[in-house]
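Colleague: Residue numbers (our numbering), protein chains in the order written: chain A, 6 to 300; chain B, -8 to 176.
In this text, a Cβ means the ideal position worked out from N, Cα and C, and glycines have one as well.
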Amino acid sequence: MTKPKYLLFTGCVIPYRLSSYEISARKVLAKLDVELVEMPEYNCCGYPMDVVNHDLMLTLAARNLCVAEKMGLPILTLCNGCFCSLNETNKILKEDKKQREKINGYLKEVDMEFKGTTEVKHLIYVLSEDVGFEKIKNTVTKPLSNIRVAQHSGCHVLRPKKYVARDDPENPTTLKNLIKLTGAECLDYMDETECCGNPIIGVNEDVPFNMAKEKLEHVRAVGAQALITVCPFCHIMFDLNQPRIERAFNEKFNLPVLHYPQLLGLAMGFTPEELALNELRVKPTELLNLMKRGE
Amino acid sequence: MTEEKEYVPPVIKAEELDPKFKYKMSKEHGAEKVMVCFQCGTCTADCPIARFSEFYRPRRIARMVQLGLKDRLLLDGALWLCSSCFTCVDHCPQGVEIAGIVRVLRNMTVEDKNLLPLVYKELATNLMKTGFVYEIPDSRLQKRVEQGLPPLPKPNMKDVLKIFEVTGSARLLEKVQTIAKVESK
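1) Residues in the same chain with beta-carbon distance under 6 Å from asparagine 58 of chain A, minus the five sequence neighbours each way, listed in chain order, please.
2) Only counting the same chain, and skipping five residues up and downstream in sequence, which positions put a Cβ closer than 7 Å to that of alanine 161 of chain B?
3) Could you tell me whether the Cβ of tyrosine 125 of chain B comes closer than 8 Å to any Cβ of chain A?
4) If contact is defined by three or more beta carbon pairs under 8 Å, each pair taking one atom from either stretch, is the region 104 to 124 of chain A in contact with the region 252 to 261 of chain A?
5) Find out if the Cβ-Cβ distance for the pair isoleucine 40 of chain B, leucine 72 of chain B is shorter than 8 Å.
6) Taking 8 Å as the CB-CB limit, is asparagine 255 of chain A close to chain B?
7) Give me the DSSP bridge partner(s) of glutamate 190 of chain A.
8) Once the 5 residues before and after valine 101 of chain B are set aside, which same chain residues still bring their CB inside 7 Å of it?
9) For valine 227 of chain A, tell me which candidate among A:Lys36, A:Pro277, A:Met195, A:Asp244 has the shortest Cα-Cα distance.
10) Taking Cβ-Cβ distances shorter than 7 Å, what residues in chain B pair up with histidine 59 of chain A?
11) When the Cα atoms are used, what is the spatial distance from cysteine 23 of chain B to valine 87 of chain B?
12) Under 8 Å Cβ to Cβ from lysine 288 of chain A, same chain only, skipping five residues before and after it: list those, please.
13) Which chain B residues sit within Cβ distance under 7 Å of asparagine 215 of chain A?
14) Near leucine 64 of chain B, which residues of its chain fall below 6 Å by C-beta distance, leaving aside the five closest residues on each side in sequence?
15) Does the region 27 to 36 of chain B touch the region 190 to 206 of chain A, meaning 3 or more C-beta pairs lie closer than 8 Å?
16) To which residues of the same chain is methionine 54 of chain A closer than 6 Å at the C-beta, ignoring the five residues directly before and after it?
17) Ignore the nearest five residues each way along the sequence and tell me which others in leucine 34 of chain A's own chain have a CB closer than 7 Å to its CB.
18) What are the residues in the region 108 to 120 of chain A lying within 7 Å of chain B by C-beta distance?
19) Pair every Cβ in the region 80 to 88 of chain A with every Cβ in the region 232 to 242 of chain A, then say whether three or more of these pairs are closer than 8 Å.
20) Classify threonine 94 of chain A as buried or exposed, calling it buried when 16 or more other Cβ atoms lie within 10 Å of its own Cβ.
21) When burial is assigned at 16 or more other CB atoms within 10 Å of the CB, is glutamate 27 of chain A buried or exposed?
22) Where are the alpha helix (DSSP H) runs, 4 residues long or more, that stay fully inside the region 8 to 77 of chain A, in chain order?
23) Is valine 136 of chain B buried or exposed, if buried means 16 or more other CB atoms sit within 10 Å of its CB?
24) Who are the neighbours of arginine 50 of chain B on chain A, taking C-beta pairs under 8 Å?
25) Below 6 Å CB to CB, which residues in the same chain sit around proline 146 of chain B once its five sequence neighbours on both sides are set aside?
26) With distances taken Cα to Cα, identify the nearest neighbour of glycine 77 of chain A among A:Thr64, A:Met44, A:Asn48.
27) Apply the 10 Å Cβ neighbour rule to lysine 32 of chain A and answer buried if 16 or more other Cβ atoms are within range, or exposed otherwise.
28) Is glutamine 104 of chain A close to chain B, meaning its C-beta is less than 8 Å from at least one C-beta of that chain?
29) Can you list the residues of chain A that phenylalanine 77 of chain B reaches, using a CB-CB cut of under 7 Å?
30) Report all residues from its chain with a CB closer than 7 Å to the CB of methionine 117 of chain A; omit the five preceding and five following residues, and keep chain order.
31) Count the CB pairs spanning the region 77 to 87 of chain B and the region 164 to 177 of chain A that are closer than 8 Å, and state whether there are at least three.
32) Using 8 Å as the limit for Cβ to Cβ distance, is valine 87 of chain B near chain A?
33) Determine whether the Cβ of phenylalanine 155 of chain B lies closer than 8 Å to any Cβ atom of chain D.
34) Under a three-way DSSP split, which group does proline 1 of chain B fall into?
35) Determine the DSSP secondary structure at lysine 301 of chain A, reduced to helix, strand or coil.
36) Looking only at C-alpha atoms, which of B:Thr169, B:Asn105, B:Glu165, B:Arg94 sits nearest to histidine 20 of chain B?
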């Protein structure tokens, strides 16, 4: 079988403040024989500019897609936001002739043309569809059988259904199944598919803090020892902002939030240092002790 | 002595309505189906923002578009509270893309009212300066090397700036007034 090969699209926020996600993702993908090619000359995916001008978002995204088309490779994103704008733009421009002509008009100014020959995949779909559960299972050497976690997939790997068209947004199972491969138990909790709130934190803190606090309460209520995410924005909301949420509501959660590849990496036998677990705001000390006891 | 204010009931005056607004909206990508909204309220019932805001109501936004209350919509800060989770889009029994409508209205606010929350202006400024929406400090780039990560690619700034120019975005961003924060209660 040929090695799956992708262009890695890190986006902006991961290199800005969440290298731990990139480090751990690169480690586990290498272990799974996935080849990552460094994507040249990419720019912001366009997502944050959709509020300013829809054409700007589409054209910034399409420029990245054109780079991938030239390289003849599909794009792998780690961020839900990047997946949303790149995947949506790819589908819109493939299916809607009018939009494609308009955006190609802009792209002509930078000597590019969208042809519709590339694909955009988020990490969880690369793992579940292209690598496959069997292969992942075979790399698990230290099953995390005595820990219980909960997952938060985040909105944009699931919605809107018509553009993502993969997992069921009402009852998503992809990330849950990926977690189960590590040997950890994945617990259900109330309102699993609810948004983290991060996208509006720049204009209003009150609503996102309430949303994230409620999610942390629901996760705590079922006895999860960690929360697993696959999006840097969700991660920031639950990990980096957790102490602020605790202060705002006079609560104590102390719930470690791990990027999925960190969890998988631990089950593959990588050390916490190799997976940059020390970069988490909420220290997973107790969780790591539990894992050690399970060995 | 306190002056008594004359009570003004919250009524909509006919002169505020722009009957052509809904047709204009229907031509915009993402807002095509606004006229078939029959006000069932599924969007509002399932909206996570509406649960924690006293006035963000997606159903109301759809109705205001149908009535043609353009100015009220565009000058209402509530527009900026949507987190684009797309739950309303997936749940609408009529296939109305409320989040798409909100996005069209936000774009119109920038274009017609020259208003934009400060955070997006900052992200845009960074993007036009570095190709990324955050200005990644040199210490971060250095740390990448220490952590064994490959160097970040240099975005093609000529292309990025050209895209801002040809889509008219550079002109829009130049003249916007910024809104610092938006209330939710």
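Modeller: Reading it off the structure:
1) none
2) Phe155
3) yes
4) no
5) yes
6) no
7) A:Arg153
8) Leu107, Leu163, Val167
9) Distances from the alpha-carbon of valine 227 of chain A to those of A:Lys36, A:Pro277, A:Met195, A:Asp244 put A:Met195 closest.
10) His20, Arg94, Asn98
11) The displayed chain sequence assigns glutamate, not cysteine, to residue 23 of chain B. Here the C-alpha atom of glutamate 23 of chain B lies approximately 8 Å from the C-alpha atom of valine 87 of chain B.
12) Pro261
13) Phe43
14) So the qualifying residues of the chain are Met55, Leu96.
15) no
16) Non-local C-beta neighbours of methionine 54 of chain A in its own chain, meaning closer than 6 Å and more than five positions away in sequence, comprise Leu61, Met62, ordered along the chain.
17) Leu41
18) Under the 7 Å Cβ criterion, the region 108 to 120 of chain A contributes Tyr111, Glu114, Val115.
19) yes
20) buried
21) buried
22) 18 to 22, 24 to 36, 59 to 76
23) exposed
24) Correct list: empty, because the minimum Cβ distance to chain A is about 18 Å.
25) Gly122
26) A:Met44
27) Counting Cβ neighbours within 10 Å, lysine 32 of chain A comes out buried, since at least 16 surround it.
28) yes
29) Cys160, Arg164, Pro165
30) Cβ neighbours of methionine 117 of chain A beyond the five flanking positions: Arg68, Cys71.
31) Contact holds between the region 77 to 87 of chain B and the region 164 to 177 of chain A, because three or more Cβ pairs, one in each stretch, are under 8 Å apart.
32) Cβ-Cβ to chain A under 8 Å: no for valine 87 of chain B.
33) Absence of chain D from the displayed structure is noted, the protein chains being A and B.
34) coil
35) Any question about residue 301 of chain A goes unanswered here, given that chain A covers just 6 to 300.
36) B:Arg94
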